[in-house]
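The numbering used here numbers the first residue of the sequence shown as 1 and each following residue consecutively.
Beta carbons: idealized from backbone N, C-alpha and C, even for Gly.
See below for the structure under consideration.
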Amino acid sequence: MQTIPSLFVTPRLRSFLPLLEEFLHQEVYPLEKLLFSRPFADLEKNELATLRQKVKSAGWWTPHLPEKDGGMGLTLTEFGLVSQLLGTSPLGHYAFNCQAPDIGNMELLQRHASAMLQERYLKPLVKGQIRSCFSMTEPAFAGSNPVRLATTAKKIGNQYVINGHKWFTSSAEGAAFAIVMAVTNSEAPPHRRASMILVPTDTPGFVFLRRIPVMGETGSGYMSHSEIRYENCTVPVEYLIGKEGEGFQLAQERLGPGRIHHCMRWIGICERAFDLMCRYAVSRNLTENEPIASKQIVQQWIAESRAQIDAARLMVLHTAMGIDQYGAQAMRAQISAIKFFVAQTLMQVLDRAIQVHGALGITDDTILAFWYRHERGARIYDGPDEVHKYVVARQVLKNYGLKI
Ligand SMILES: Cc1cc2nc3c(=O)[nH]c(=O)nc-3n(C[C@H](O)[C@H](O)[C@H](O)COP(=O)(O)OP(=O)(O)OC[C@H]3O[C@@H](n4cnc5c(N)ncnc54)[C@H](O)[C@@H]3O)c2cc1C
Numbered sequence: 001m002q003t004i005p006s007l008f009v010t011p012r013l014r015s016f017l018p019l020l021e022e023f024l025h026q027e028v029y030p031l032e033k034l035l036f037s038r039p040f041a042d043l044e045k046n047e048l049a050t051l052r053q054k055v056k057s058a059g060w061w062t063p064h065l066p067e068k069d070g071g072m073g074l075t076l077t078e079f080g081l082v083s084q085l086l087g088t089s090p091l092g093h094y095a096f097n098c099q100a101p102d103i104g105n106m107e108l109l110q111r112h113a114s115a116m117l118q119e120r121y122l123k124p125l126v127k128g129q130i131r132s133c134f135s136m137t138e139p140a141f142a143g144s145n146p147v148r149l150a151t152t153a154k155k156i157g158n159q160y161v162i163n164g165h166k167w168f169t170s171s172a173e174g175a176a177f178a179i180v181m182a183v184t185n186s187e188a189p190p191h192r193r194a195s196m197i198l199v200p201t202d203t204p205g206f207v208f209l210r211r212i213p214v215m216g217e218t219g220s221g222y223m224s225h226s227e228i229r230y231e232n233c234t235v236p237v238e239y240l241i242g243k244e245g246e247g248f249q250l251a252q253e254r255l256g257p258g259r260i261h262h263c264m265r266w267i268g269i270c271e272r273a274f275d276l277m278c279r280y281a282v283s284r285n286l287t288e289n290e291p292i293a294s295k296q297i298v299q300q301w302i303a304e305s306r307a308q309i310d311a312a313r314l315m316v317l318h319t320a321m322g323i324d325q326y327g328a329q330a331m332r333a334q335i336s337a338i339k340f341f342v343a344q345t346l347m348q349v350l351d352r353a354i355q356v357h358g359a360l361g362i363t364d365d366t367i368l369a370f371w372y373r374h375e376r377g378a379r380i381y382d383g384p385d386e387v388h389k390y391v392v393a394r395q396v397l398k399n400y401g402l403k404i
């Protein structure tokens, strides 16, 4: 597989990336078939726990963290290249403890949580002893406009009493805590109304309603999405993350690098799907000497996919370098552009790979159909495509004098 663009590979990655690729082939891809025979929650306790131990022993655990915190001290651009390789398997990021939403929550707690919260929740999260989730979206309101939230956190004495209804809280089943976005001051300007509060999931009033079936799969444990009700769920005021009213600011901060992580993971999926497509196209014959790959339309899909994936990767790595150098705010429009461009590329490449595989493509005998089900959401979560296109267009048109 041609997955490592040498242009962006730094000296410390030059020796690491081939080792990582080999590890994925030997230890990770062979476990993927278990996704179709056993619940994920069961794999977490068994085969995946062993796999994670192997990653730790190799010294590759939490590669996104600074060295002083046990990570590899990579820049965002370097981690993007690692993330791309890990993304070639649905188990990659989980195996290395850099999976969403935990990776975003780790970064958030590192920067904005008190020493007490870091000791109690960040440390075990980094060690992989616990998992976490992020609880913001509500079924009753359009998540695309996150300032409209009904969940409240009322300060009573030295406690927050949280009431609300959330859904698509990914990976809530089995998580030790949720980071909940709740309105702490409904009189404040819209972007100053909400705060982030850490809620241990064993707090009375944290009511787990269901795992939500997605495209026919309910999933379990880390690989599931849940609906949660907060009913007079009460936590100490010390469980506030950052300051009151900073919820949206922190969410934005969490999402900037998060979009690089997602986009590079999607490019990893594209590369694997592309590889499967090419292998199948040359090995499946229509007549004795005529493989599917000899057909011009298949060649066109392959050429277009190659160009789209390469373009997507250059856009993402360029954005990551910009964030490394100038910060996420300066790269806001580019971050929006990669979010919709790469999600669209992902859908197209997966669809073509499935089409080339014929009936086999929609079975679970390859990994393609799994991704087709689970990654359709890529065009919706972290902001639907339409919202990001608006951000890009507004930025461009402002330069032409349009006032919006
Ligand atoms: C797989 C998956 C995992 C998720 N994980 C989490 C999680 O862990 N935690 C969490 O809190 N949330 C999570 N979410 C929720 C996600 O953040 C929301 O789905 C997203 O913000 C969109 O909100 P919505 O679903 O309410 O869609 P809506 O806001 O109701 O939008 C519906 C549609 O309207 C259109 N639209 C919206 N705004 C505009 C616009 N400005 N211009 C034009 N068209 C527009 C778009 O086509 C959009 O898809 C997850 C979602 C998915 C699919």
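Discussion item. From the DSSP secondary-structure annotation, give me the bridge partner or partners of Ala178.
Written reply: For Ala178, which the question treats as bridged, DSSP gives the partners Cys133 and Val199.
Worksheet item: Is the number of C-beta pairs between the segment 76-96 and the segment 119-129 that are closer than 8 Å three or more?
Response: no
Item to complete: Kindly examine ligand 1 and report whether one of its heavy atoms sits closer than 6 Å to the Cβ of Thr169.
Response: For ligand 1, at least one heavy atom lies less than 6 Å from the Cβ of Thr169.
Practice prompt. Classify Asn105 as helix, strand or coil using the three-state DSSP reduction.
Written response: The answer is helix: DSSP assigns Asn105 an H, G or I state.
Fill in: Residues bridged to Leu240 [DSSP beta-bridge criterion]
Ile197
Item to complete: Using three-state DSSP, classify Phe206 as helix, strand or coil.
Response: strand
Worksheet item: Counting only runs that start and end within the segment 13-69, where is the alpha helix (DSSP H) found for 4 or more residues in a row?
Response: 40-45 and 47-58
Practice prompt. Say whether the segment 277-285 touches the segment 227-247, bearing in mind that this needs 3 or more beta-carbon pairs closer than 8 Å, one atom from each stretch.
Written response: With the cut-off at 8 Å, the segment 277-285 and the segment 227-247 do not touch.
Fill in: Three-way DSSP call (helix, strand, coil) for Lys166 in this model
Taken through DSSP and simplified to helix, strand or coil, Lys166 comes out as strand.
Fill in: Spatial distance of Ser15 from Trp60 (CA atoms)
13 Å
Worksheet item: Is His357 helix, strand or coil when you go by DSSP?
Response: coil
Worksheet entry | Start and end residues, alpha helix (DSSP H) containing Ala273 | Gly247 to Ser283
Fill in: Tyr222 versus Ile292: straight-line alpha-carbon distance, rounded
Near 38 Å, if we compare the C-alpha coordinates of Ile292 and Tyr222.
Worksheet entry | Pairwise C-alpha distance: Arg259 and Met331 | When only Cα atoms are considered, Met331 and Arg259 end up about 12 Å apart.
Practice prompt. With DSSP collapsed to three states, give me the class of His388.
Written response: Note: His388 maps to helix in three-state DSSP.
Practice prompt. Quick one: give me the first and last residue of the beta strand (DSSP E) that Thr152 is part of.
Written response: Thr152 to Ile156
Discussion item. Using DSSP's beta-bridge definition, name the partner residues of Val349.
Written reply: The partner list for Val349 (beta bridge, DSSP) is empty, contrary to what the question assumes.
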